[in-house]
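**Student:**
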């Protein structure tokens, strides 16, 4: 096997492809820039994310949902710029895991990879539960609220996208393109119809936009606003999938694609949520929280358009679930390639050039987490806990990535105004913002016990596993200075300054 540690000193150190066991690597140059944007947007999944979060956002900040979206946008953009600069230095399927491990500390890198894996495995319950709920709502509202029926349907869909993800990144990208055109076309259409219906007087018992929708007091105060910010972080998160397919993208298009995705997500979420939240009073939206977008579709156009909305959510959720499997398999592949995970994870299919073992295992693990979450309590409670936990996990690994971007380019930050803003101010603002959200959420009790156990308990387990990995696996990732100390990578960075 050729590890990252050894390849970093060889002639291919700046190439996108890194070999797995037996010299096989991922398929280089398989994705164009627009393919990466579509995969990234599918991972964020606006339709399914709104389906999961709209009622929770209304319950948390009322109608002031635009504020947390806006507050998150600039820091998130700064973090995306950090991703772009790190990808310009070294495209890696492990992304934050590889970057933090090389530039800061190997244990911090393992911790980052572990957190991202938890995000993309535990997090898929927020995808597969809506899949089951919305599919069953075609036939029976009672079945849509039966957790066991929901889990069965979610399992079936999970296995379908697992097969697509295992058969190659090009097939995955084509799958994403088909659903993206359909999903975003419908989302734009429903948003326009909601605005016309509310402000044209065609819909009754709607909520009209007021100035309180844009104030902290309208959000219920600063503490409530920060809770809304955690939900907004979850809404944005997923665009970083662009980084995980960096080795399979042409050139170094993954970085710019990440920035483009963040901007597009801000526009989509701002307009759509502002329109949909006015469809009915808050208490009515809460009563339909389990299938809130189906309710929105029915209010806009009746039962037919309710079914169309359900199809849109199903398609978008399938695409997001597939992107989650693609992301988690690439991260664990990179960790297996470095032997901080068992080497088995680094195996690549000879025919499809996908991380075959990691894809299949993590896809099946998603099913395990799905069933575990449905046995804990009601669907609504499970969704609420999972979404808040994902926001916390995302905040942690975004903090680590942005901080690493500043650290990596610290010697060139003052070289020009552009470097100072793009290399220091914006990624630094993103890191500081995520640190504040994490600390404030803990200090004010914004997170309940389940969320803290999920978020910090699993994070702490990552540090324990890293210590075990160092002593058992004896990977060069932990010992080679080219891997673990920032000062030794300056020459590499000097030739990799992003535009």
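Numbering (this note's numbering), first residue to last: 71 to 569.
Think of the CB as a built atom: it goes at the ideal place given N, C-alpha and C, for glycine as much as any other residue.
From a predicted model like this one, the values you see are computed outputs, not experimental measurements.
Please tell me whether residue 583 and residue 131 are closer than 7 Å, where the distance is taken between their beta carbons.
**Tutor:** Because the chain is modelled from 71 through 569, residue 583 falls outside the range shown and cannot be assessed.
**Student:** By a C-beta neighbour count over all protein chains shown, 10 Å radius and 16 as the cutoff for buried, is residue 318 buried or exposed?
**Tutor:** It is buried - the Cβ of residue 318 has at least 16 other Cβ atoms within 10 Å.
**Student:** So residue 441 is in the alpha helix (DSSP H); what residue range does that whole segment cover?
**Tutor:** Segment 426-444, the alpha helix (DSSP H) holding residue 441.
**Student:** DSSP puts residue 319 in a beta bridge; with which residues?
**Tutor:** 101, per the DSSP bridge assignment.
**Student:** Counting C-beta neighbours from all protein chains within 10 Å, is the total for residue 228 16 or more, i.e. buried, or is it exposed?
**Tutor:** Flag for residue 228 reads buried.
**Student:** For the stretch 329-349 against the stretch 231-242, are there 3 or more C-beta pairs whose distance is under 8 Å?
**Tutor:** Flag = no, the stretch 329-349 and the stretch 231-242 do not touch.
**Student:** What residue range is occupied by the uninterrupted alpha helix (DSSP H) comprising residue 355?
**Tutor:** Element bounds for residue 355: 352-357.
**Student:** If I follow the unbroken alpha helix (DSSP H) through residue 399, where does it start and stop?
**Tutor:** Here the alpha helix (DSSP H) through residue 399 covers 373-407.
**Student:** Compare the C-alpha of residue 307 against each of 545, 100, 118 and 509 and name the closest.
**Tutor:** Nearest C-alpha to residue 307: 118.
**Student:** What is the DSSP secondary structure of residue 238, reduced to helix, strand or coil?
**Tutor:** It is coil, neither helix nor strand.
**Student:** How long is the line joining the alpha carbons of residue 573 and residue 320, rounded to whole angstroms?
**Tutor:** Residue 573 lies beyond the stretch modelled for the chain, which goes from 71 to 569, so this question has no answer here.
**Student:** What number of angstroms, rounded off, separates the C-alpha of residue 192 from the C-alpha of residue 440?
**Tutor:** Roughly 8 Å separates the two Cα atoms.
**Student:** Do you know offhand how far residue 354's Cα is from residue 368's?
**Tutor:** For residue 354 and residue 368, the distance between alpha carbons rounds to 13 Å.
**Student:** If we ignore side chains and look at the alpha-carbon of each, how far apart do residue 515 and residue 408 end up?
**Tutor:** Their backbone Cα atoms lie some 38 Å apart in a straight line.
**Student:** Would you identify the three-state DSSP class for residue 184, choosing helix, strand or coil?
**Tutor:** In the structure shown, residue 184 sits in a helix (DSSP, three-state: H, G or I).
**Student:** Measuring straight from C-alpha to C-alpha, what distance separates residue 494 and residue 312?
**Tutor:** Residue 494 and residue 312: Cα-Cα distance of roughly 22 Å.
**Student:** Whether or not the stretch 428-439 and the stretch 163-173 are in contact is what I'm after, with contact meaning three or more pairs of Cβ atoms, one per stretch, closer than 8 Å; do they touch?
**Tutor:** No, the stretch 163-173 does not touch the stretch 428-439.
**Student:** Within a Cβ cutoff of 8 Å, which residues of the same chain sit near residue 128, ignoring the five residues on either side of it in sequence?
**Tutor:** Same-chain partners within the cutoff: 135, 347, 352, 355 and 356.
**Student:** If we call anything under 7 Å between Cβ atoms a contact, is residue 507 one with residue 125?
**Tutor:** No, the pair does not count as a contact, with Cβ atoms beyond the cut-off.
**Student:** Between the C-alpha atoms of residue 527 and residue 180, what's the straight-line distance to the nearest angstrom?
**Tutor:** Residue 527 and residue 180: Cα-Cα distance of roughly 16 Å.
**Student:** Report back the beta-carbon spacing between residue 330 and residue 107 to the nearest angstrom; my notes put them in contact at under 8 Å.
**Tutor:** With 8 Å as the limit, residue 330 and residue 107 qualify as a contact, their Cβ atoms being about 5 Å apart.
**Student:** Among residues of its own chain, excluding the 5 on either side of residue 253, which ones have a beta-carbon nearer than 6 Å to its beta-carbon?
**Tutor:** 117, 382, 385 and 386.
**Student:** For the alpha helix (DSSP H) containing residue 539, name the first residue and the last one.
**Tutor:** Counting along the chain, the alpha helix (DSSP H) containing residue 539 begins and ends at 528-543.
**Student:** Could you have a look at residue 347 and say whether DSSP puts it in helix, strand or coil?
**Tutor:** Of the three classes helix, strand and coil, the one that applies to residue 347 here is coil, per DSSP.
**Student:** Using only the alpha-carbon positions, how far apart do residue 543 and residue 255 sit?
**Tutor:** Whole-angstrom Cα-Cα distance: 49 Å.
**Student:** Taking C-alpha atoms, which residue in 140, 491 and 530 lies nearest to residue 300?
**Tutor:** It is 140 whose Cα lies nearest to the Cα of residue 300.
**Student:** Let's test the definition: count the other Cβ atoms within 10 Å of the Cβ of residue 604 and tell me whether it reaches 16, buried, or not, exposed.
**Tutor:** Outside the modelled stretch of the chain, which goes from 71 to 569, sits residue 604, for which no answer is possible.
**Student:** One question on the structure: do residue 411 and residue 186 come within less than 7 Å of each other, judged by their Cβ atoms?
**Tutor:** No.
**Student:** Taking the alpha-carbon positions, what's the residue 155 to residue 325 distance?
**Tutor:** If I take the Cα positions, the gap works out to 7 Å.
**Student:** Helix or strand or just coil, what does DSSP make of residue 133?
**Tutor:** Three-state result, residue 133: coil.
**Student:** Under three-state DSSP, which class holds residue 297?
**Tutor:** The answer is helix: DSSP assigns residue 297 an H, G or I state.
**Student:** Roughly how far, in whole angstroms, is the beta-carbon of residue 239 from the beta-carbon of residue 424, given that I think they are within contact range, below 8 Å?
**Tutor:** Contact flag correct, Cβ pair sits at about 7 Å.
**Student:** With a CB to CB cut of under 8 Å and the five nearest residues on each side skipped, what residues in its chain are close to residue 81?
**Tutor:** Its pLDDT being 30, under 50, residue 81 is placed unreliably by the model, and the measurement read from it follows with that caveat. The answer is none, since no qualifying residue turns up.
**Student:** Go ahead and label residue 211 buried or exposed: buried means 16 or more other beta carbons lie within 10 angstroms of its beta carbon, across all protein chains shown.
**Tutor:** Under this definition residue 211 is an exposed residue.
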